[in-house]
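Trainee: Mapped onto this note's numbering, the consecutive letters of the sequence shown carry residue numbers 479 to 906.
Quick reminder that beta carbons are idealized off the backbone N, C-alpha and C, glycines included.
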Amino acid sequence: MQLIIGKTRNIFRRLTAALLLIVSLAGAGLSSPAFAHGERNQEPFLRLRTAHFYDVKWSSKSVPVNGSIIITGRFRLFKEWPANLPKPDVAFLGNGTPGPVFVRTESYINGVPAIQSAPLELDRDYAFKFVLKARIPGRHHVHPMINAQEAGPLLGPGEWVTVTGSHADFKLPVRTINGTFIPNLETWGLDRVYLWNGLWFAIAIGWLLFWLRRPLLITRYLAVTEGKEEALISNKDRVVGAILLASTIVIVFVGYVVTDNAFPRTIPLQGGRASVEPLPFTPGAVKVYVTKSTYDVPGRSLKIEMNLTNEGPAPVQLGEFLTSNLRFINASVPAAVKGLDPNYPRDVVPVNGLKVSDNRPIAPGETRKIAVAATDVAWEKERLTSLLNDPDNLVGGLLFFFDAAGNRSISNVSGPMVPVFTAETVKG
């Protein structure tokens with residue numbers, strides 16, 4: 479009988495192993511590589527009403543391993559910050575990439591080294607710059623990013639950057655504060671890492687094997703049910719446990735002393751906060767008051783009716799509407815078209831642009847009612863239409879106005895978005 483049970487168990491184990499192997503191979507065959515645009519999974523209110531990035535530039539679209547790219551630009555923390563998110567009192571400048579394919583060697587906010595987190599103010603603009611050193615070959619999507627405590631990552635627009643060469647050639651040389659030169663920080667000290675991890679792994683395996691050498695579940699269960707728990711641990715077990723405990727304490731102490739003597743000068747993790755002043759406040763030359771905003775569901779079009787009051791010294795035209803990294807350009811305003819860098823990623827510049835009902839320049843002191851339409855399939859592709867199902871369905875963005883000399887002024891625009899199912903044409 480026991481022989482039959484044993485053979486049945488062996489057959490069952492083999493069938494289970496074969497099934498797991500088949501499932502694993504099928505999963506590997508059906509899986510596809512992950513590409514980019516993970517920001518599309520973020521809630522629309524995060525992308526519409528937190529950080530708006532503009533004037534973003536990538537110094538190059540192709541770089542070899544060990545080469546560097548520089549990313550610059552500006553961002554404005556939106557005035558109508560979502561009420562359910564903490565304010566950006568602790569924020570950190572980062573970069574969004576598919577893993578550690580680059581090493582950030584420099585980063586600045588308004589010229590201040592952005593090594594630490596800093597409090598940032600709403601409705602203010604900040605200039606950023608960071609330098610990335612290429613590490614892993616491939617084609618990677620690279621974003622500027624603000625990490626706000628308890629609000630998560632706020633991503634800017636992304637650009638594809640191709641890294642050529644071999645990862646084996648990557649080097650990250652560093653000279654420490656005491657003059658020690660480290661030829662490659664990526665591999666420095668790995669011998670110690672392998673040594674200590676290997677030591678503790680060996681101790682753990684030895685401890686497990688010590689207990690696995692005897693009958694386990696059934697025998698011990700019967701001993702517990704019969705009230706013979708004391709018989710489960712022998713004097714030999716106690717001696718081995720005491721030796722292991724003493725050995726662990728000695729190893730930790732000796733390791734600390736040796737490491738402290740080898741590296742007497744260390745820098746602890748920094749927990750302080752930097753202080754970064756925003757750029758000088760420049761009020762928008764145009765005051766914006768939204769009277770109506772709708773999203774035409776079948777037409778995939780956001781339409782906004784608003785009153786614009788020009789409080790500046792020169793006539794201006796509405797040239798661009800920016801929201802959630804999408805740039806809707808008014809082709810009727812030459813300064814807006816000229817301001818679009820030919821190398822800017824085209825997947826965030828909708829081809830239909832921005833339609834404005836009245837493109838005549840708004841004179842100083844004049845108030846004019848206009849309607850705009852931002853129409854494109856990008857609303858669906860970027861998954862921004864899920865905002866329609868959100869109880870806080872407010873749209874937010876930046877309006878860029880230009881005068882005849884090409885000078886630019888930026889104003890906030892925000893209002894509740896109501897879904898409609900009847901198309902309304904805005905001619906421009």
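Using only the alpha-carbon positions, how far apart do N890 and R617 sit?
Mentor: Here residue 890 refers to the residue found at position 412 of the sequence shown. Here residue 617 refers to the residue found at position 139 of the sequence shown. If I take the Cα positions, the gap works out to 35 Å.
Trainee: Terminal residues of the continuous beta strand (DSSP E) containing N785?
Mentor: By 1-based counting over the sequence shown, the position of residue 785 is 307. From DSSP, the beta strand (DSSP E) with N785 extends over 779-788.
Trainee: Could you please give the first and the last residue of the uninterrupted beta strand (DSSP E) stretch that includes K607?
Mentor: What you label residue 607 is simply residue 129 of the sequence shown in a count that begins at 1. Per DSSP, K607 belongs to the beta strand (DSSP E) from 603-612.
Trainee: Nearest by alpha-carbon distance to R819: which of T769, V768, L632, E637 is it?
Mentor: Here residue 819 is taken as the residue at index 341 of the sequence shown, counted from 1. It is worth fixing the name first, because residue 819 is Asp in this sequence and not Arg. Taking only the C-alpha atoms, the option nearest D819 is E637.
Trainee: How close, in whole Å, do the beta carbons of L555 and A529 come, if the pair is a contact with beta carbons under 8 Å?
Mentor: The residue you call residue 555 lines up with position 77 of the sequence shown. The residue you call residue 529 lines up with position 51 of the sequence shown. About 6 Å; that satisfies the 8 Å criterion.
Trainee: Can you pull the DSSP bridge partners for E584?
Mentor: On the sequence shown, residue 584 is found 106 positions in, with the first residue counted as 1. Paired residues: V609.
Trainee: Measure the beta-carbon distance from I548 to K607 and round it to whole angstroms, keeping in mind my assumption that it falls under 8 Å.
Mentor: Taking the sequence shown and counting its residues from 1, the one referred to as residue 548 is at position 70. Taking the sequence shown and counting its residues from 1, the one referred to as residue 607 is at position 129. Contact holds; Cβ gap of about 7 Å.
Trainee: Is the CB-CB distance between R602 and L757 below 8 Å?
Mentor: Start at 1 with the first residue of the sequence shown, and residue 602 comes out as number 124. Start at 1 with the first residue of the sequence shown, and residue 757 comes out as number 279. Taking 8 Å as the Cβ cut-off, R602 and L757 qualify as a contacting pair.
Trainee: Where does D854 land, buried or exposed, given buried means 16+ other C-beta within 10 angstroms?
Mentor: Residue 854 sits at position 376 when you count from the first residue of the sequence shown. When all chains shown are included, D854 counts as buried.
Trainee: Helix, strand or coil for E637, going by three-state DSSP, please let me know.
Mentor: Residue mapping note: residue 637 aligns to position 159 of the sequence shown, counting from 1. Three-state result, E637: strand.
Trainee: Tell me which same chain residues have a C-beta within less than 8 Å of the C-beta of L503, skipping the five on either side of it?
Mentor: The residue given as residue 503 occupies position 25 in the sequence shown. Note that L503 scores a pLDDT of 45, beneath 50, so its modelled location is shaky and nothing firm can be said.
Trainee: Checking 8 Å against the spacing of the C-beta atoms, do P776 and F899 come in under that value?
Mentor: Counting from one through the sequence shown, the residue named residue 776 turns up at place 298. Counting from one through the sequence shown, the residue named residue 899 turns up at place 421. In contact: P776 and F899 (Cβ atoms closer than 8 Å).
Trainee: Excluding the five sequence neighbours on either side, which residues of its own chain have a C-beta within less than 7 Å of the C-beta of L633, listed in chain order?
Mentor: To locate residue 633, count along the sequence shown from 1; it is residue 155. The answer, listed in chain order, is E517, G574, H621, M623.
Trainee: Just confirm the distance between the C-beta atoms of R824 and L786, as a whole number of angstroms; I'd bet it's less than 8 Å.
Mentor: The count along the sequence shown starts at 1 and reaches residue 824 at position 346. The count along the sequence shown starts at 1 and reaches residue 786 at position 308. Not really, about 29 Å apart at Cβ, beyond 8 Å.
Trainee: Identify which residue in N867, D647, I745 has its Cα closest to the Cα of M895.
Mentor: On the sequence shown, position 417 is the one that residue 895 refers to. Comparing Cα positions, the closest option is N867.
Trainee: For S802, which option in M784, P839, L876, G790 has the closest C-alpha, if you only look at C-alpha atoms?
Mentor: In the sequence shown, the residue the question calls residue 802 occupies position 324. The option with the nearest alpha carbon to S802 is L876.
Trainee: Quick check: what's the CA-CA separation for F731 versus L695?
Mentor: On the sequence shown, residue 731 is found 253 positions in, with the first residue counted as 1. On the sequence shown, residue 695 is found 217 positions in, with the first residue counted as 1. Using only the alpha carbons, I get a separation of about 36 Å.
Trainee: For I848, which of helix, strand or coil comes out of DSSP?
Mentor: As a working mapping, residue 848 is identified with position 370 in the sequence shown. In this structure, I848 counts as strand in the three-state DSSP scheme.
Trainee: At which residues does the alpha helix (DSSP H) containing N739 begin and terminate?
Mentor: Along the sequence shown, one-based indexing puts residue 739 at 261. Segment 713-740, the alpha helix (DSSP H) holding N739.
Trainee: Between the Cα of V581 and the Cα atoms of L663, W536, G551, which residue gives the shortest distance?
Mentor: By one-based count along the sequence shown, residue 581 stands at place 103. Comparing Cα-Cα distances from V581 to each of L663, W536, G551, the minimum goes to L663.
Trainee: Around the C-beta of F878, are 16 or more other C-beta atoms found within 10 angstroms, so that it is buried, or is it exposed?
Mentor: For the purposes of this step, residue 878 is taken as residue 400 along the sequence shown, with counting starting at 1. F878 is buried by the Cβ-count criterion.
Trainee: Taking the DSSP output, what are the residues bridged to E860?
Mentor: To locate residue 860, count along the sequence shown from 1; it is residue 382. BP columns for E860 are empty, so no partner.
Trainee: Quick check on DSSP: helix, strand or coil for A596?
Mentor: Stepping through the sequence shown from its first residue, residue 596 is reached at position 118. In the structure shown, A596 sits in a strand (DSSP, three-state: E or B).
Trainee: Quick one: Cα of A792 to Cα of G762, how far?
Mentor: Here residue 792 corresponds to residue number 314 of the sequence shown, with the count starting at 1. Here residue 762 corresponds to residue number 284 of the sequence shown, with the count starting at 1. When rounded, the distance between both Cα atoms is 13 Å.
Trainee: CB F741 to CB G797, shorter than 8 Å?
Mentor: Within the sequence shown, numbered from 1, the residue matching residue 741 stands at position 263. Within the sequence shown, numbered from 1, the residue matching residue 797 stands at position 319. No, they are not a contact pair.
Trainee: Have a look at I888 and N519 and give me their C-alpha separation to the nearest angstrom.
Mentor: On the sequence shown, position 410 is the one that residue 888 refers to. On the sequence shown, position 41 is the one that residue 519 refers to. Distance between the alpha carbons of I888 and N519: 28 Å.
Trainee: Check each candidate in L650, V568, F523 and name the one with the smallest Cα separation from T583.
Mentor: As a first step, residue 583 must be located in the sequence shown, where it is residue number 105. With distances taken between Cα atoms, T583 lies closest to L650.
Trainee: In the stretch 745-831, which residue ranges form an unbroken alpha helix (DSSP H) of at least 4 residues, counting only runs that do not cross its ends?
Mentor: DSSP runs (the alpha helix (DSSP H)) wholly in the stretch 745-831: 812-816.
Trainee: Measure from the alpha carbon of G884 to the alpha carbon of each residue in K770, K816, V850, D870, then state which is nearest.
Mentor: As a working mapping, residue 884 is identified with position 406 in the sequence shown. Taking only the C-alpha atoms, the option nearest G884 is K816.
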